[in-house]
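Residue numbers (the numbering used here): 144 to 372.
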């Protein structure tokens, strides 16, 4: 797997993402609650601090947890929540060792349908449906991994010509368009939050208020996910 990637917006970090399946997978794992460039620079930072030019799943899986958390917490930190993400990275690597002999590319090697690949990705620690669909779209759009029905399995993220996620970023211009889409999604989520609050203020009743609170929670949660992956 060797391709030209522009997710980290740093030549060395992007070069690693282009040749290392595990680096790409870990970059996607880190892509939450931080800017995308920060997340996808993480694999290169981890590899450099481990004294290697690539990531090795068995080595990371066997690393002492406290020491690995400290490694990710060094300044500049790999993530806004380095200790929590260090644990998640090790969980993914341990899963790869147990299920794929430590080879990240084995997740998609030989897979014949997008549905099967999506299921494999969702089984990974830390990969919910949205993150799995975005990574599936990234594999299809930029890494040439295109089993039958991959676009459909990736949902809206698989659409050709879209600018919704990391899967669509090939340079500064597309990065700006994806960022604009996410900002609009956040504005829409805030509007959805405000609507139930307005209903409660105007006296729609206890039942409506309870429903509004629930709707607000879901909108905020959904907006957070789509805005950070």
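Don't be surprised by glycine CBs; every beta carbon is placed ideally from N, CA and C. Here the structure is a predicted model, which is why all the values come from computation and not from measurement.
> Can you give, in chain order, each stretch of the alpha helix (DSSP H) that sits fully within the region 225-277 and has at least 4 residues?
Replying inline: 225-243, 257-265
>> Using the three-state DSSP reduction, which class does residue 284 fall into: helix, strand or coil?
In response: By 1-based counting over the chain shown, the position of residue 284 is 141. In this structure, residue 284 counts as helix in the three-state DSSP scheme.
>> Considering Cα atoms alone, identify which of 172, 286, 255, 276 is closest to residue 232.
In response: Residue mapping note: residue 232 aligns to position 89 of the chain shown, counting from 1. Residue 232 has its Cα closest to that of 172, out of 172, 286, 255, 276.
> In whole angstroms, what is the alpha-carbon distance linking residue 200 and residue 169?
Replying inline: Start at 1 with the first residue of the chain shown, and residue 200 comes out as number 57. Start at 1 with the first residue of the chain shown, and residue 169 comes out as number 26. So the alpha carbons of these two residues sit roughly 10 angstroms apart.
> Roughly how many angstroms lie between the CA atoms of residue 275 and residue 264, to the nearest whole one?
Replying inline: Residue numbering aside, residue 275 sits at position 132 when the chain shown is read from its first letter. Residue numbering aside, residue 264 sits at position 121 when the chain shown is read from its first letter. Roughly 5 angstroms separates the two Cα atoms.
>> Does residue 329 come out as helix, strand or coil in the three-state DSSP assignment?
In response: Mapped onto the chain shown, residue 329 falls at position 186. In this structure, residue 329 counts as helix in the three-state DSSP scheme.
>> Using only the alpha-carbon positions, how far apart do residue 304 and residue 210 sit?
In response: On the chain shown, position 161 is the one that residue 304 refers to. On the chain shown, position 67 is the one that residue 210 refers to. Approximately 43 angstroms, taken between the alpha carbons.
> Which residue's Cα is closest to the Cα of residue 257: 208, 284, 217?
Replying inline: Here residue 257 is taken as the residue at index 114 of the chain shown, counted from 1. The shortest Cα separation from residue 257 among 208, 284, 217 belongs to 284.
> Considering only residues of the same chain and omitting the five flanking positions on each side of residue 324, which have a CB-CB separation below 7 angstroms?
Replying inline: Sequence index remark: in the chain shown, residue 324 carries index 181 (1-based). Closer than 7 angstroms at the Cβ level, and outside the excluded window around residue 324, lie 306, 307.
>> Do residue 184 and residue 156 have their beta-carbon atoms positioned less than 8 angstroms apart in this structure?
In response: Here residue 156 corresponds to residue number 13 of the chain shown, with the count starting at 1. Here residue 184 corresponds to residue number 41 of the chain shown, with the count starting at 1. It is a contact, given that the beta carbons lie within the stated cut-off.
> Using the beta-carbon count (16 or more within 10 Å), is residue 164 buried or exposed?
Replying inline: Reading the chain shown from its first residue, position 21 is the one you call residue 164. Buried: at least 16 other Cβ atoms inside 10 Å.
>> Once the 5 residues before and after residue 240 are set aside, which same chain residues still bring their CB inside 7 angstroms of it?
In response: For the purposes of this step, residue 240 is taken as residue 97 along the chain shown, with counting starting at 1. So the list reads 200, 201, 204, once near-sequence residues are dropped.
> When DSSP builds the beta bridges, which residues end up paired with residue 291?
Replying inline: As a working note, residue 291 is residue 148 in the chain shown. In DSSP, residue 291 forms a bridge with 256.
>> Below 8 angstroms on the Cβ atoms is my contact criterion, and I expect residue 250 with residue 150 to pass it. Report the Cβ-Cβ distance as a whole number of Å.
In response: Sequence index remark: in the chain shown, residue 250 carries index 107 (1-based). Sequence index remark: in the chain shown, residue 150 carries index 7 (1-based). Wrong, their Cβ atoms sit about 18 angstroms apart, outside the cutoff.
> Residues in its own chain within less than 8 angstroms of residue 259 by CB, not counting five upstream and five downstream?
Replying inline: Against the chain shown, residue 259 aligns to sequence position 116. Same-chain partners within the cutoff: 290.
>> I need the DSSP call for residue 159, collapsed to helix, strand or coil.
In response: Numbered from 1 along the chain shown, position 16 holds the residue referred to as residue 159. Looking at residue 159 - three-state DSSP - the assignment turns out to be helix.
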